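To convert, note that position 23 of the sequence shown is 315 in this note's numbering; the numbers rise steadily by one, no gaps.
For every residue, glycine included, the Cβ atom is placed at its ideal position computed from N, Cα and C.
All of these numbers come straight from a predicted model, not from anything done at the bench.
Notes follow the structure.
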Amino acid sequence: MADNMREDIRQFLKNWLPPGLLRLISSKKGVLWSGDYDSWTDAQKASTGYDSKVILNKVKDSLLRVKNGEAAYERDSVLFDDMQYSWPILAGLMWVAAQSKGELNVI
């Protein structure tokens with residue numbers, strides 16, 4: 293009985309969770325820590341990440357270009373000249389507003 297329930301749960305999750313989340317959950321590796329470092333500071337010196345000045349400066353430059361009207365918007369420091377709408381999301385919002393007599397609150 294427990295095996296059937298486990299399979300039912302697995303099938304339910306496969307049907308309802310996004311593929312990317314499924315891959316994350318089903319990956320056996322998870323987060324991998326490796327290296328022979330004497331301290332956290334030594335490990336940080338040997339790595340790169342979102343605290344990099346290069347990334348910070350690229351995002352800052354993109355934001356300033358949007359602020360100055362040189363681009364419509366940015367996402368993850370990538371500039372876009374034209375607005376790109378998610379039509380399925382807009383359709384859903386319009387449907388909710390129509391069901392609520394034109395009232396829509398988005399958080």
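When the Cα atoms are used, S369 and Q376 turn out to be separated by approximately 15 Å.
Sixteen is the threshold: since fewer than 16 other Cβ atoms of the shown chains lie within 10 Å of the Cβ of S344, the residue is exposed. At a cut-off of 3 residues, the continuous stretches assigned as beta strand (DSSP E) that sit fully inside the stretch 336 to 382 are 365 to 367 and 370 to 372. Nearest to W325 by alpha-carbon distance, out of L316, A335 and I317, is A335.
As the crow flies, the alpha-carbon of K393 is around 57 Å from that of A338.
In this structure, A364 lies away from D353, with their beta-carbon atoms at least 9 Å apart. Annotated three-state conformation of P310 is coil, per DSSP. C-alpha of M297 to C-alpha of G312: approximately 24 Å in a straight line.
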